[in-house]
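Enquirer: Numbering (the numbering used here), first residue to last: 112 to 287. Here a beta-carbon is modelled for each residue, glycine too, at the ideal position from N, C-alpha and C. Fair warning: this is a prediction, and the values are worked out from it, not measured in the lab.
1. With the cut-off set at 8 Å, would you say residue 145 and residue 176 are in Cβ contact?
2. Quick check on DSSP: helix, strand or coil for residue 219?
3. Compare the C-alpha of residue 162 against each of 208, 276 and 273 and name the closest.
4. Roughly how many whole angstroms lie between the Cα atoms of residue 241 and residue 135?
5. Specify, as a first and last residue, the run of the alpha helix (DSSP H) that residue 129 falls within.
6. How is residue 236 classed by DSSP in three states: helix, strand or coil?
7. CB-CB under 6 Å to residue 160, same chain, minus the five flanking residues each way: which ones, in chain order?
8. Classify residue 282 as helix, strand or coil using the three-state DSSP reduction.
9. Using the beta-carbon count (16 or more within 10 Å), is residue 274 buried or exposed?
10. Using CA coordinates, which residue listed in 225, 257, 234 and 230 is at the minimum distance from residue 243?
11. Using a Cβ-Cβ cut-off of 6 Å (strictly less than) and excluding sequence neighbours within five positions of residue 233, which residues of its own chain qualify?
12. Determine, using beta-carbon pairs with one atom in the segment 174 to 191 and one in the segment 115 to 130, whether at least three such pairs fall under 8 Å.
13. In angstroms with no decimal places, state the Cα-to-Cα distance between residue 157 and residue 205.
14. Less than 7 Å between C-beta atoms, sequence neighbours within five positions excluded: which residues of the same chain meet that for residue 118?
15. Pull up the DSSP beta-bridge partners for residue 250, would you.
16. Kindly confirm or deny that the segment 166 to 174 and the segment 184 to 203 touch, where touching means at least three C-beta pairs closer than 8 Å.
17. For the beta strand (DSSP E) holding residue 165, just list the boundary residues, first then last.
18. Could you check the C-alpha separation between residue 149 and residue 245 for me, to the nearest Å?
Okay, structure coming up:
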C-alpha cells in the first residue's frame, strides 16, 4: 500500500518501481493499494479504482488536509473531527468508486473504532475497519447493533448535516 499519493501519476510511478523491484527479487505478485489521505485521491477515486487493488482511508491525514487544520495545533485540534460531513463525503466517494470496480475499502485511524463513526462508515460502504486488538470486541458489537439499512440511513443523514457535532448527534453514545 502506497501512502501520501496525490495523483494517479504518483501511484502509477510507484507501482512501476515496485514491480521492477519485485521482478528482480522473483517474488509473486501482491495486491497493491493506495492510502486515501489526500483529498485529491478521494475526488479522483473512480480513476484510481481502475488501477488499484484496494483503498485504505487514512482518516487522520484525510481529515487534516480536507479541513486545512493542523491536528497537532493546540487551538485547532478539537475542531479536527473525521465526522465532518466534508470528510464523510470524500470517504463515501471513495467507497462508491471502489465498489464500482469490485475493490475493497478499509478505514484506519482512531475513527475506525469510534462508536459514533462506525455505523456511518458502514453506511458509506466501508468494507473493513482497522482498529487495535483491544477495540475489536466493542467494534464488532457496534457493527452488529445496526442493520445495514440503518447504517445507510444514518450515513445519508450525516451527509446532509453542517457540522461534525450535528453528525455526532445522530448517533448518541451508549451510556452503558
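Expert: On the basis of the supplied data:
1. One-based indexing of the chain shown puts residue 145 at position 34. One-based indexing of the chain shown puts residue 176 at position 65. The beta carbons of residue 145 and residue 176 sit no closer together than 8 Å.
2. Looking up residue 219 in the chain shown gives position 108. In the structure shown, residue 219 adopts extended strand secondary structure according to DSSP, grouped into three states.
3. Start at 1 with the first residue of the chain shown, and residue 162 comes out as number 51. When 208, 276 and 273 are compared, the shortest CA-CA separation from residue 162 is found for 208.
4. As a first step, residue 241 is located in the chain shown; it is residue number 130 there, counting from the start. As a first step, residue 135 is located in the chain shown; it is residue number 24 there, counting from the start. Straight across, the Cα-Cα distance linking residue 241 with residue 135 is about 32 Å.
5. As a first step, residue 129 must be located in the chain shown, where it is residue number 18. Segment 119 to 136, the alpha helix (DSSP H) holding residue 129.
6. Start at 1 with the first residue of the chain shown, and residue 236 comes out as number 125. The answer is coil: DSSP assigns residue 236 none of H, G, I, E or B.
7. Against the chain shown, residue 160 aligns to sequence position 49. These residues qualify, in order along the chain: 208, 209, 212 and 214.
8. Taking the chain shown and counting its residues from 1, one reaches residue 282 at position 171. Residue state, collapsed to three classes: coil.
9. Position 163 of the chain shown, counted from the first residue, corresponds to residue 274. Answer is exposed; the Cβ neighbour count stays below 16.
10. Translated into the one-based positions of the chain shown, residue 243 becomes position 132. Nearest to residue 243 by C-alpha distance, out of 225, 257, 234 and 230, is 225.
11. Along the chain shown, one-based indexing puts residue 233 at 122. So the qualifying residues of the chain are 262.
12. With the rule of 3 Cβ pairs closer than 8 Å, the segment 174 to 191 does not count as touching the segment 115 to 130.
13. Position 46 of the chain shown, counted from the first residue, corresponds to residue 157. Position 94 of the chain shown, counted from the first residue, corresponds to residue 205. Distance between the alpha carbons of residue 157 and residue 205: 7 Å.
14. Walking along the chain shown from the start, residue 118 turns up at place 7. So the qualifying residues of the chain are 151.
15. As a first step, residue 250 is located in the chain shown; it is residue number 139 there, counting from the start. Paired residue(s): none; residue 250 is not in a bridge.
16. Touching, per the Cβ criterion.
17. Here residue 165 is taken as the residue at index 54 of the chain shown, counted from 1. It spans 165 to 169 - the beta strand (DSSP E) in which residue 165 sits, taken as one unbroken run.
18. The residue you call residue 149 lines up with position 38 of the chain shown. The residue you call residue 245 lines up with position 134 of the chain shown. In this model, residue 149 and residue 245 are separated by some 29 Å (Cα to Cα).
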